[in-house]
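*Asks:*
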Amino acid sequence: MKKKHISRMAAGFLAAALTVSSAPFVLAADGDTDIGKVVYSFDFEDDADVSYFTNRGENDTTQLSVSTDHATSGSSSMLASGRSKDWNGPAFRLDDKLEPYTEYYISAKIKGKYYTNATFSFQYNTSDGETKYQNLVQNLNQSNYPAEDGWVTLPLTKVSFTDEQTGVYVYFEGGQDDLYIDEFVVSQVPVTDIEQDIPSLSAVFADAFKIGNAITPNNLSSKPTMDLVAKHFSGSLTAGNEMKPDAVLNQAACQTYFEETGDDTVPQISFGAAKPFLNYCQKNNIPVRIHTLVWHSQTPDWFFKEGYDNNGDWVSPEKMTQRMENYIKAYFEELVKLYPDIDFYACDVVNEAWTDDGKPRNPGEQGNGGSSNSAWVKVYGDNSFIESAFTFARKYAPEGCKLYYNDFNEYMPNKTDKIIEMALELNGKGVLDGIGMQSHLDARSGSDAFPSVNVYKKALDKFCETGLDIQITELDVTTANNPTAENHEQQAQYYKEIMDTIYSQKDSISAVVFWGVTDDQSWRADRDPLLFDAEYKAKPAFYAIMEGREIPDPVETTTKAPITTLPAVTTTPGETVEPTLLGDANNDGIVDIADATRILQAIGNGDKYGLTPVQEANADCYDPGSGITALDALAIQKLDAKVISSLPEIDDAWVPTPLNS
Ligand code: 9MR
Numbered sequence: 031m032k033k034k035h036i037s038r039m040a041a042g043f044l045a046a047a048l049t050v051s052s053a054p055f056v057l058a059a060d061g062d063t064d065i066g067k068v069v070y071s072f073d074f075e076d077d078a079d080v081s082y083f084t085n086r087g088e089n090d091t092t093q094l095s096v097s098t099d100h101a102t103s104g105s106s107s108m109l110a111s112g113r114s115k116d117w118n119g120p121a122f123r124l125d126d127k128l129e130p131y132t133e134y135y136i137s138a139k140i141k142g143k144y145y146t147n148a149t150f151s152f153q154y155n156t157s158d159g160e161t162k163y164q165n166l167v168q169n170l171n172q173s174n175y176p177a178e179d180g181w182v183t184l185p186l187t188k189v190s191f192t193d194e195q196t197g198v199y200v201y202f203e204g205g206q207d208d209l210y211i212d213e214f215v216v217s218q219v220p221v222t223d224i225e226q227d228i229p230s231l232s233a234v235f236a237d238a239f240k241i242g243n244a245i246t247p248n249n250l251s252s253k254p255t256m257d258l259v260a261k262h263f264s265g266s267l268t269a270g271n272e273m274k275p276d277a278v279l280n281q282a283a284c285q286t287y288f289e290e291t292g293d294d295t296v297p298q299i300s301f302g303a304a305k306p307f308l309n310y311c312q313k314n315n316i317p318v319r320i321h322t323l324v325w326h327s328q329t330p331d332w333f334f335k336e337g338y339d340n341n342g343d344w345v346s347p348e349k350m351t352q353r354m355e356n357y358i359k360a361y362f363e364e365l366v367k368l369y370p371d372i373d374f375y376a377c378d379v380v381n382e383a384w385t386d387d388g389k390p391r392n393p394g395e396q397g398n399g400g401s402s403n404s405a406w407v408k409v410y411g412d413n414s415f416i417e418s419a420f421t422f423a424r425k426y427a428p429e430g431c432k433l434y435y436n437d438f439n440e441y442m443p444n445k446t447d448k449i450i451e452m453a454l455e456l457n458g459k460g461v462l463d464g465i466g467m468q469s470h471l472d473a474r475s476g477s478d479a480f481p482s483v484n485v486y487k488k489a490l491d492k493f494c495e496t497g498l499d500i501q502i503t504e505l506d507v508t509t510a511n512n513p514t515a516e517n518h519e520q521q522a523q524y525y526k527e528i529m530d531t532i533y534s535q536k537d538s539i540s541a542v543v544f545w546g547v548t549d550d551q552s553w554r555a556d557r558d559p560l561l562f563d564a565e566y567k568a569k570p571a572f573y574a575i576m577e578g579r580e581i582p583d584p585v586e587t588t589t590k591a592p593i594t595t596l597p598a599v600t601t602t603p604g605e606t607v608e609p610t611l612l613g614d615a616n617n618d619g620i621v622d623i624a625d626a627t628r629i630l631q632a633i634g635n636g637d638k639y640g641l642t643p644v645q646e647a648n649a650d651c652y653d654p655g656s657g658i659t660a661l662d663a664l665a666i667q668k669l670d671a672k673v674i675s676s677l678p679e680i681d682d683a684w685v686p687t688p689l690n691s
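Numbering (the numbering used here), first residue to last: 31 to 691.
1. Which residues in the same chain as V379 place their Cβ atom closer than 6 Å to its Cβ, once the five residues preceding and following it in sequence are excluded?
2. Note down, one range per segment and in chain order, each alpha helix (DSSP H) of at least 4 residues found wholly within the segment 297-348.
3. Does at least one heavy atom of the ligand 9MR sit under 7 Å from the Cβ of H321?
4. Identify the residues that DSSP records as bridge partners of C377: which are they?
5. Is the segment 273-291 in contact with the segment 239-254, if contact means three or more CB pairs nearer than 8 Å?
6. Please determine, among P347, T385, D387, the residue with the shortest C-alpha to C-alpha distance to F415.
7. Which value, in whole angstroms, describes the spacing of the CA atoms of K492 and G464?
8. Can you tell me which of the three DSSP states T255 falls into?
9. Can you find a heavy atom of the ligand 9MR that lies under 7 Å from the Cβ of N271?
10. Does DSSP put Q164 in a helix, a strand or coil?
11. Could you tell me if G302 is buried or exposed, where buried requires 16 or more neighbouring beta carbons within 10 angstroms of its beta carbon?
12. State the DSSP-derived secondary structure class of I241, mapped to helix, strand or coil.
13. Would you kindly work out how many angstroms separate the C-alpha atoms of L308 and I320, rounded to a whole number?
14. Closer than 8 Å by C-beta to V485: which residues in its own chain qualify, once you throw out the five before and the five after it? Chain order, please.
15. With a cut-off of 8 Å, do at least 3 Cβ pairs link the segment 177-194 to the segment 138-157?
16. Kindly confirm or deny that the segment 115-132 and the segment 194-201 touch, where touching means at least three C-beta pairs closer than 8 Å.
17. Under 6 Å Cβ to Cβ from E289, same chain only, skipping five residues before and after it: list those, please.
18. Is DSSP giving M467 helix, strand or coil here?
19. Is it the case that the Cβ atoms of Y435 and A453 are separated by a distance below 8 Å?
20. Where do the N-terminal and C-terminal ends of the beta strand (DSSP E) with R123 fall, by residue?
21. For L231, collect the residues of the same chain with a Cβ closer than 6 Å to its Cβ; drop the 5 residues on either side in sequence, then sort them by chain order.
22. Per the DSSP calculation, V485 is bridged to which residue(s)?
23. Taking F150 as the reference, give the member of T187, T610, S404, S482 with the closest Cα.
24. Spatial neighbours of N392 within its chain, please: C-beta separation below 6 Å, excluding the five flanking residues on both sides.
25. Quick check: what's the CA-CA separation for A41 versus K141?
26. Just the Cα atoms here: how many angstroms apart are A571 and N165?
27. Which class does L279 belong to by DSSP, given the choice of helix, strand or coil?
28. Taking C-alpha atoms, which residue in V80, K526, D556 lies nearest to G578?
29. Take H326 as the anchor and find which of A282, K367, V547, Y410 has the nearest alpha-carbon.
30. Going by beta carbon distance, what residues of the same chain come within less than 7 Å of F83, once the five residues before and after it are set aside?
31. CA-CA distance, K162 and A304?
32. Let me know the secondary structure DSSP gives Q667 once reduced to three states.
33. How many angstroms separate the CA atom of F334 from the CA atom of S300?
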């Protein structure tokens, strides 16, 4: 591999980018930038930069070229012309250039021909061959984002993928006019260590109930997030979205099966989207809460239509019951077949079927965006589908999998009573084991908190009195927007009172599951609802719920990297020094992320790296004898992230290679 130093400004973020790869991209290291280590930076001054981008496949008419019409830096940008569909556009593939299980920031500038209003999206293929799409940033226009001369700045956007996702792209779409892209930069999000010296939530509450969490595919690629999961939440995991009906039901496969067999009562399913999550749970032996089989939301309308066609007629209740049975049967059979070793200990069979008044939902389609209508009610005319769902779940669920009805606002009095009435009836019939209280709470203005702790307690006590198993399934507590330290203290106090209330019923409660790990990744990120902040630090709420509890001894988790003895390296002219521990750039006896930081600081300072000869010898760990570069820091990061198991492990695949090489 040829190494070469190139000085190049990366989108104005880098003061001095040390680069160690060949043009046209920049592999850079700079511990002081906001955007971490830059791995690609394109200013589209020549065709080579454009060659890293493609359109979105054979039906996409987009043509990409260097254009001098407009530019934010230099004299040109990339022009995406000839777009004949809104989804056409320039795409940048990630999985052939970047590392799985690594978080990257992407930033760019975008301009429309007449005005700018684009969407920045993400797509990938699951291991089952389905393509999934996600809009990362919508309404990229000058009202919403910083802009100059029609150039809108894409905010730093985190992307990541697992090794089970292929064909992973980010792309710009929206409208059919020409789009211009400039200053497209990919940088690696710095890896942070979590606080290891605080007690583990799971351990502290071990005498009472499992402590769990809900995670997303993005979380799986974030080492610190998964370190928090392993330390605090390994009692139970829920897939945030990937085991819901819309993720599991496969329309194309349903239609093909129907065409081939003439039978449209056997829905076809796939756990492709959930596999990275399930593989993690299997590997780490973590019990899984299945969420969820039957729900009005995140369930496609075509599932309820003739021919599985979006525009088909609604099917009859009889046909829907057949579909429901076959779907639930396939769901459990496939899960157990794929993951015989996972403890699927709980399942939300039906989710959110009662309104706050304790009535069935309004019948109707989901339509676009957050409708509260229920297609189940549309087909059945009432909530009678609930009993069928539990009956089928009991018939096909693996032994030991407890079956729950799950809902939010469970403390609204009519809803509390309706859920209890239904749950006792279904439990009497032997098909339901428990009730899930989602518990999306709000600690906002103190006494105006909703619900008050007393109201929550009243409902929880009532649920516990049924003698059924109770789980807290989606706990999070919002505070104010742009919260102050005072808001966080108030949130902590509320969290404590709620946890004390829950703990007082520990004999009836088998699990407390939080809905997210860090505030920034929450579905309610604007109001900081979780126990850990965006820097992975425990918040006042974390300490508050620990107050008064017996704290077990902290577990020492620092691991030592394997020692590799190498031939002598020449680090200072005329002086040959043996490394004492390869990778141990700060010479403290262990190889960890602090060594990567030390190397980046040394490179940034530039004064012969500010390292002692032994530190230099230790730091030169990627390609010993070649000098200290950003690749040495990268190697240590990879070791720390367990991407490699020892040093040195030189592999050209570490360094992004040009697409067409
Ligand atoms: O956390 C989920 C979020 O990513 C989805 O956009 C949302 C869409 O319905 O669903 C969220 O999870 C919900 C859960 O499945 C049921 N209870 C309410 C949760 C928060 O909306």
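Ideal Cβ placement from N, Cα and C applies to all residues, glycine included.
Here the structure is a predicted model, which means the values were calculated and not measured.
*Replies:* Answer, in terms of the structure:
1. The residue you call residue 379 lines up with position 349 of the sequence shown. L323, A419, F420, A423, L433.
2. List check, alpha helix (DSSP H) in window: 305-314.
3. What you label residue 321 is simply residue 291 of the sequence shown in a count that begins at 1. Yes - the ligand 9MR has a heavy atom lying nearer than 7 Å to the Cβ of H321.
4. The count along the sequence shown starts at 1 and reaches residue 377 at position 347. Beta-bridge pairing links C377 to I320, L433.
5. No: fewer than three Cβ pairs fall under 8 Å.
6. Along the sequence shown, read from residue 1 onward, the residue named residue 415 stands at position 385. Among P347, T385, D387, the Cα nearest to that of F415 belongs to P347.
7. As a position in the sequence shown, residue 492 is number 462, starting the count at 1. As a position in the sequence shown, residue 464 is number 434, starting the count at 1. The straight-line gap from Cα to Cα measures roughly 13 Å.
8. For this step, residue 255 is matched to residue 225 along the sequence shown. Residue state, collapsed to three classes: helix.
9. For this step, residue 271 is matched to residue 241 along the sequence shown. Taking 7 Å as the cut-off, the C-beta of N271 counts as close to a heavy atom of the ligand 9MR.
10. Along the sequence shown, one-based indexing puts residue 164 at 134. Correct three-state label for Q164: strand.
11. Against the sequence shown, residue 302 aligns to sequence position 272. Buried, by the Cβ-count rule.
12. Sequence index remark: in the sequence shown, residue 241 carries index 211 (1-based). DSSP places I241 within a strand segment (E or B) once states are collapsed to three.
13. Sequence index remark: in the sequence shown, residue 308 carries index 278 (1-based). Sequence index remark: in the sequence shown, residue 320 carries index 290 (1-based). Straight-line Cα distance between these residues: approximately 11 Å.
14. Counting from one through the sequence shown, the residue named residue 485 turns up at place 455. Closer than 8 Å at the Cβ level, and outside the excluded window around V485, lie Y441.
15. Inter-segment contact for the segment 177-194 and the segment 138-157 is present: three or more beta-carbon pairs are separated by less than 8 Å.
16. Short answer: they touch.
17. As a working note, residue 289 is residue 259 in the sequence shown. Result list for E289: empty, nothing under 6 Å.
18. In the sequence shown, counting from the first residue as 1, residue 467 sits at position 437. Residue state, collapsed to three classes: strand.
19. Position 405 of the sequence shown, counted from the first residue, corresponds to residue 435. Position 423 of the sequence shown, counted from the first residue, corresponds to residue 453. Cβ distance < 8 Å, so Y435 and A453 count as in contact.
20. What you label residue 123 is simply residue 93 of the sequence shown in a count that begins at 1. 121-123 is the extent of the beta strand (DSSP E) around R123.
21. In the sequence shown, the residue the question calls residue 231 occupies position 201. Once the five neighbours on either side are set aside, the close Cβ partners of L231 are I241, H262.
22. As a first step, residue 485 is located in the sequence shown; it is residue number 455 there, counting from the start. Its beta-bridge partners do not exist; DSSP assigns none.
23. Start at 1 with the first residue of the sequence shown, and residue 150 comes out as number 120. Across the set T187, T610, S404, S482, the C-alpha of T187 shows the shortest separation from the C-alpha of F150.
24. Here residue 392 is taken as the residue at index 362 of the sequence shown, counted from 1. Counting only Cβ-Cβ distances below 6 Å, and skipping sequence neighbours, we find N403.
25. Residue 41 sits at position 11 when you count from the first residue of the sequence shown. Residue 141 sits at position 111 when you count from the first residue of the sequence shown. At A41 the pLDDT is 27, less than 50, meaning the model places this residue with poor confidence; the figure from the coordinates comes in the next sentence. In a straight line, the C-alpha of A41 is about 16 Å away from that of K141.
26. Counted from its first residue, the sequence shown places residue 571 at position 541. Counted from its first residue, the sequence shown places residue 165 at position 135. Going from the Cα of A571 to the Cα of N165 covers about 32 Å.
27. In the sequence shown, counting from the first residue as 1, residue 279 sits at position 249. The three-state reading of DSSP puts L279 in strand, counting E and B together.
28. Locating residue 578 in the sequence shown gives position 548, counting from the first residue. The shortest CA-to-CA distance from G578 to any of V80, K526, D556 is the one to K526.
29. Residue mapping note: residue 326 aligns to position 296 of the sequence shown, counting from 1. Ranking A282, K367, V547, Y410 by Cα distance to H326 puts Y410 first.
30. Start at 1 with the first residue of the sequence shown, and residue 83 comes out as number 53. Here F83 has L94, M108, P120, A121, F122 as same chain residues with Cβ atoms under 7 Å from its own Cβ, once five neighbours each way along the sequence are excluded.
31. For the purposes of this step, residue 162 is identified with residue 132 of the sequence shown, where counting begins at 1. For the purposes of this step, residue 304 is identified with residue 274 of the sequence shown, where counting begins at 1. When rounded, the distance between both Cα atoms is 12 Å.
32. Residue numbering aside, residue 667 sits at position 637 when the sequence shown is read from its first letter. The answer is helix: DSSP assigns Q667 an H, G or I state.
33. Residue numbering aside, residue 334 sits at position 304 when the sequence shown is read from its first letter. Residue numbering aside, residue 300 sits at position 270 when the sequence shown is read from its first letter. C-alpha separation (whole angstroms): 18 Å.
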